[in-house]
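See structure below.
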Amino acid sequence: MLKKILGLGVVLAIAGAGTGWVLSASTPLPAEVLSSLPEGDAARGEAMFWAGGCTSCHSAPGAEGEDKLKLGGGLKLVSPFGTFVAPNISSDAQDGIGGWSAASFANAMMTGTGPHGENLYPAFPFTSYSRMDIQDVTDLFAFMKTLPAVAGKAPDHELGFPFNIRRGLGLWKLVNMSSGPVVKEPAAGADVDMDVWNRGRYLVEGPGHCGECHTPRNPIGGLDYSAWLSGADAPTGEGKIPGLDPASELGSWSVPDIAYYLESGFTPEYDSVGGEMVEVQANMAKLPASDREAIAVYLKALPAAAK
Amino acid sequence: MKKFVAAALCVCLTASAAFAAGDAITTRKTIMDSVAAAAGLGGGMMKGEIAYTPAAGKAAIMSMAAASHSFGAFFPEGSEAGDTTAAPAIWSDAAGFEAALAKFAAASDAAVQASGKDGPADVDAFKAAFGPIMANCKSCHETFRVKK
Numbered sequence: 001m002l003k004k005i006l007g008l009g010v011v012l013a014i015a016g017a018g019t020g021w022v023l024s025a026s027t028p029l030p031a032e033v034l035s036s037l038p039e040g041d042a043a044r045g046e047a048m049f050w051a052g053g054c055t056s057c058h059s060a061p062g063a064e065g066e067d068k069l070k071l072g073g074g075l076k077l078v079s080p081f082g083t084f085v086a087p088n089i090s091s092d093a094q095d096g097i098g099g100w101s102a103a104s105f106a107n108a109m110m111t112g113t114g115p116h117g118e119n120l121y122p123a124f125p126f127t128s129y130s131r132m133d134i135q136d137v138t139d140l141f142a143f144m145k146t147l148p149a150v151a152g153k154a155p156d157h158e159l160g161f162p163f164n165i166r167r168g169l170g171l172w173k174l175v176n177m178s179s180g181p182v183v184k185e186p187a188a189g190a191d192v193d194m195d196v197w198n199r200g201r202y203l204v205e206g207p208g209h210c211g212e213c214h215t216p217r218n219p220i221g222g223l224d225y226s227a228w229l230s231g232a233d234a235p236t237g238e239g240k241i242p243g244l245d246p247a248s249e250l251g252s253w254s255v256p257d258i259a260y261y262l263e264s265g266f267t268p269e270y271d272s273v274g275g276e277m278v279e280v281q282a283n284m285a286k287l288p289a290s291d292r293e294a295i296a297v298y299l300k301a302l303p304a305a306a307k
Numbered sequence: 308m309k310k311f312v313a314a315a316l317c318v319c320l321t322a323s324a325a326f327a328a329g330d331a332i333t334t335r336k337t338i339m340d341s342v343a344a345a346a347g348l349g350g351g352m353m354k355g356e357i358a359y360t361p362a363a364g365k366a367a368i369m370s371m372a373a374a375s376h377s378f379g380a381f382f383p384e385g386s387e388a389g390d391t392t393a394a395p396a397i398w399s400d401a402a403g404f405e406a407a408l409a410k411f412a413a414a415s416d417a418a419v420q421a422s423g424k425d426g427p428a429d430v431d432a433f434k435a436a437f438g439p440i441m442a443n444c445k446s447c448h449e450t451f452r453v454k455k
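If you're matching them up, the sequences are chains W and R in order. Quick note, in the working numbering, the first sequence goes up one by one and the last residue is 307. Quick note, in the working numbering, the second sequence goes up one by one and the last residue is 455.
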């Protein structure tokens, strides 16, 4: 914990130095991408909304049913760097993102850059969303415009110095962000349907942001890709999040076992899903069965992590 | 004879009240393991992985009913510590736990009613009866269980 803070402190100190000031600026999407954004389709965007789990953080804590579509924010996310509060991203023009352009939204999702060029904090998992297809992002934006407007801003984050300086995050992003796929395609001749596997990789590494919880972090809070999905300490500091690679307990589950867990919340022993995975599972249950199966196929084909 | 059974039951109940905390924990976990086994049988038949028979359907339902009526008796004061995932809320929100147990028992009793003498006739009838029982697991665990 102390190491983590020192680590980030060093990064921020460097960021404060002359060259760092340039490096720490935010890097939005290229102009040619932003000027030719595809038209969004709200109906298709709904699947991305559930796959991305936006409601788990941005709806009121404990929301059920229709209330899950009210994205007024307010959930507190405790981290070693301080407490983040999920903002209002409802369609409210004043307090939410109703006044945003599709370009601003795409920049936030894929580069962690706010509408005024400011860096966003990676407590918002854009580090994974950056792997999404631009079409899926504009579809998602179109869907979110159909959701209710919620008035009222969420409270500010509770962060001490130096973490309250957004500028410093530019360098963090340079070091910790990658928009390419994490796991290489299995060698030719592997016993998997490549279309299904690719869909699974996309969902897990991109919108599903499974790695944000199931992968350990380096001292400055970035994901340790060399130990991809091998399990991690819970961000709150209490307990462990299980690994999903073949060396973990999941190695003994079959593809239908994993797909059924994501659908129903039951493990093969018929114990029920717990902890933070409860919300994730409820979102996964809303996806088409083929998507849950694709996720299971990808997880079963994971290489053993070099821990 | 009936009286004798009743007397024996009474002895059981008093004995259970006097259980050491450790025994209560072992007993209630065994009850939940039998619930999970019944869920596995019922779930397997609903998914079509195990061939459905009315007798097996009835067995799964009756295990749930037995568990739902007995489970609540094994949470004496002092049994919150030890090798258990029971949450402190069971004791601090006793009324809430009672309500969750009652919901579990009501769903099981309705299934027993619906299954008749020989068990639900086909897998669709079984799904209609068993599904509502299965809806109880996660909601109770979310509130009344902690991670080890």
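Just so you know, even glycine gets a beta-carbon here, dropped at the ideal spot from N, CA and C.
So the beta strand (DSSP E) residue i belongs to, where does it begin and stop?
i, result
"residue 77 of chain W", "76-79"
"residue 83 of chain W", "82-85"
Between which two residues does the alpha helix (DSSP H) holding residue i run?
i, result
"residue 297 of chain W", "289-300"
"residue 441 of chain R", "430-451"
"residue 177 of chain W", "It is not in any alpha helix (DSSP H) - residue 177 of chain W carries neither H nor E in the DSSP assignment."
"residue 55 of chain W", "54-58"
"residue 198 of chain W", "194-205"
"residue 208 of chain W", "No alpha helix (DSSP H) contains residue 208 of chain W, which DSSP labels as neither H nor E."
"residue 279 of chain W", "277-284"
"residue 393 of chain R", "No alpha helix (DSSP H) holds residue 393 of chain R; DSSP gives it neither H nor E."
"residue 254 of chain W", "Segment: none, residue 254 of chain W is in no alpha helix (DSSP H) and carries neither H nor E."
"residue 162 of chain W", "Residue 162 of chain W -> no alpha helix (DSSP H), and no H or E assigned at all."
"residue 24 of chain W", "It is not in any alpha helix (DSSP H) - residue 24 of chain W carries neither H nor E in the DSSP assignment."
"residue 31 of chain W", "31-35"
For residue i, collect the residues of the same chain with a Cβ closer than 8 Å to its Cβ; drop the 5 residues on either side in sequence, then sort them by chain order.
i, result
"residue 412 of chain R", "372, 375, 376"
"residue 192 of chain W", "186, 297, 301"
"residue 3 of chain W", "Model confidence at residue 3 of chain W stands at a pLDDT of 43, short of 50, so the residue's coordinates are unreliable; what they give is reported in the following sentence. These residues qualify, in order along the chain: 219."
"residue 344 of chain R", "370"
"residue 211 of chain W", "128, 182, 204, 205, 223, 228, 229"
"residue 407 of chain R", "443, 446, 447, 450, 451"
"residue 313 of chain W", "Coverage of chain W is limited to positions 1 through 307, which leaves residue 313 of chain W absent and any answer about it impossible."
"residue 338 of chain R", "374, 377, 378, 381"
"residue 10 of chain W", "Residue placement at residue 10 of chain W cannot be trusted, given a pLDDT of 44 that sits under 50; what the coordinates show is reported in the next sentence. Once the five neighbours on either side are set aside, residue 10 of chain W has no close Cβ partner at all."
"residue 273 of chain W", "261, 265, 266, 267, 281"
Which same chain residues end up closer than 7 Å to residue i when comparing Cβ atoms and leaving out the 5 residues on each side of it in sequence?
i, result
"residue 79 of chain W", "123, 235"
"residue 440 of chain R", "371, 414, 415, 418"
"residue 292 of chain W", "259, 262, 263, 284"
"residue 29 of chain W", "106, 107, 110, 111"
"residue 121 of chain W", "84, 169"
"residue 1 of chain W", "Unreliable positioning characterises residue 1 of chain W in this predicted model, as indicated by a pLDDT of 40, which lies under 50. A coordinate reading is not provided."
"residue 438 of chain R", "none"
Who pairs with residue i in a beta bridge, going by DSSP?
i, result
"residue 247 of chain W", "For residue 247 of chain W, which the question treats as bridged, DSSP gives no partner whatsoever."
"residue 241 of chain W", "W:232"
"residue 223 of chain W", "W:217"
"residue 266 of chain W", "W:272"
"residue 158 of chain W", "W:83"
What does a CB cutoff of less than 6 Å around residue i pick up in its chain, not counting 5 residues either side in sequence?
i, result
"residue 200 of chain W", "294, 295, 297, 298"
"residue 216 of chain W", "224, 227, 232"
"residue 73 of chain W", "58, 86, 87, 88, 154"
"residue 104 of chain W", "115"
"residue 334 of chain R", "381"
"residue 166 of chain W", "118, 119"
"residue 97 of chain W", "89"
Return yes when the C-beta of residue i is under 6 Å from any heavy atom of ligand 2, and no when it is not.
i, result
"residue 171 of chain W", "Among the components modelled here there is no ligand, and therefore nothing to report on ligand 2."
Suppose only complete runs of 4+ residues qualify. What are the alpha helix (DSSP H) ranges in the region 109-144 of chain W, listed by chain order? 126-129
If you pair each beta-carbon of the region 129-137 of chain W with each one of the region 190-208 of chain W, do three or more pairs fall below 8 Å? Yes, since at least three Cβ pairs between the region 129-137 of chain W and the region 190-208 of chain W fall closer than 8 Å, the two stretches touch.
With three or more C-beta pairs closer than 8 Å as the rule, is the region 80-96 of chain W touching the region 150-158 of chain W? yes
Three CB pairs or more closer than 8 Å across the region 40-60 of chain W and the region 139-146 of chain W: yes
Which complete alpha helix (DSSP H) runs does the region 349-434 of chain R hold, if anything under 4 residues is left out? 361-377, 396-399, 401-422
Stretch pair the region 383-398 of chain R + the region 351-359 of chain R: three plus CB contacts closer than 8 Å: no
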